[in-house]
Amino acid sequence: MFISFEGIDGCGKTTQARLLAEGLEKIGMYLVFTVEPGGSVIGSKIRNILLDPKHKELVPLAELLLYNADRAQHVEEVILPALKSGKVVITDRYIDSTIAYQGYGRGLDMGVLHTLENLVTRGLKPDITFLLDINVEQGLERNMLAGKIDRIQEEDIRFHEMVRQGYLKIGEANPWRFFKIDGGLAKDYIADKIFGIFLERVNGL
Ligand code: TYD
246 MFISFEGIDG CGKTTQARLL AEGLEKIGMY LVFTVEPGGS VIGSKIRNIL LDPKHKELVP
306 LAELLLYNAD RAQHVEEVIL PALKSGKVVI TDRYIDSTIA YQGYGRGLDM GVLHTLENLV
366 TRGLKPDITF LLDINVEQGL ERNMLAGKID RIQEEDIRFH EMVRQGYLKI GEANPWRFFK
426 IDGGLAKDYI ADKIFGIFLE RVNGL
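For the sequence shown, this note's numbering assigns the number 246 to the initial residue and increments by one for each residue that follows.
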């Protein structure tokens with residue numbers, strides 16, 4: 246079982262991904278909890294390049310290739326081995342982040358993005374993707390309160406709005422794996438809902 250969490254900055258997906266991981270560990274499941282960018286040692290170096298607010302000159306194509314370099318390492322070194330050994334993998338961000346941020350946000354060519362995706366993931370898609378949807382102002386405000394500043398976070402509201410709309414479109418195009426959840430709802434309510442969807446999906450396999 247391969248589960249990804251997606252959404253704009255400040256949507257609460259990291260909290261929810263952790264809560265699901267804790268819940269699954271409590272019922273005795275073996276799992277790997279991981280993150281993009283930065284789910285491997287090499288990936289964490291790539292993450293530093295990507296998110297450093299000083300790197301204003303990073304061009305969109307270089308950004309795209311770095312996210313994909315991180316993912317290639319992550320899939321090969323972390324995700325595939327864990328799935329092969331029968332573990333559940335929960336990742337905080339995966340392929341849909343690239344489609345939403347570099348595709349819908351930056352406006353890069355979707356054909357190129359999908360070619361890279363196939364190359365890098367070897368066709369591995371999540372079984373379930375939880376999309377935490379929240380309005381952009383609320384998301385950015387949450388991040389500001391948490392003191393989170395990085396290069397992507399510093400983009401303007403319009404960029405984040407395009408990313409949000411992109412996610413909604415990706416969700417509509419992939420209804421069998423996407424579950425959209427209102428990120429503005431109470432934390433525990435969302436966690437219960439996610440846990441319920443997971444159990445339903447596992448029992449249906
Ligand atoms: P992170 O600190 O993990 O932010 P968040 O808590 O919102 O997940 O930083 C990851 C940033 O990188 C985030 O702004 C989204 C962006 N990103 C992309 O633009 N493309 C990608 O493919 C991925 C994985 C992340």
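Every residue, glycine too, gets a C-beta built ideally from N, C-alpha and C. This structure is a prediction, so every number in the text was calculated from the model and none was measured.
Check	Outcome
Contacting residues, own chain, Cβ-Cβ under 7 Å from Q398 (five flanking each side not counted)	D254, N388
I415, DSSP secondary structure in three states	helix
One or two residues paired with I335 in a DSSP bridge	I248, F278
Beta-carbon proximity of P305 to L295, cut-off 7 Å	no
CB-CB length for I426 against F375, believed under 8 Å	6 Å
Heavy atom of ligand 1 within 6 Å of N366 beta-carbon	Note on identity: in this sequence residue 366 is Thr, with Asn being the wrong assignment. Result no, Cβ not under 6 Å from ligand 1.
Contact the segment 394 to 409 vs the segment 362 to 370: 3+ CB pairs below 8 Å	no
Environment of V323 [buried if 16+ CB atoms lie within 10 Å]	buried
The alpha helix (DSSP H) enclosing K258, as first and last residue numbers	258 to 271
I426 - partner residues in DSSP beta bridges	L377
Distance cut-off 6 Å: P282 Cβ against heavy atoms of ligand 1	yes
Check: S342 C-beta below 6 Å from any heavy atom of ligand 1	yes
Simplified DSSP state of L303, which is helix, strand or coil	coil
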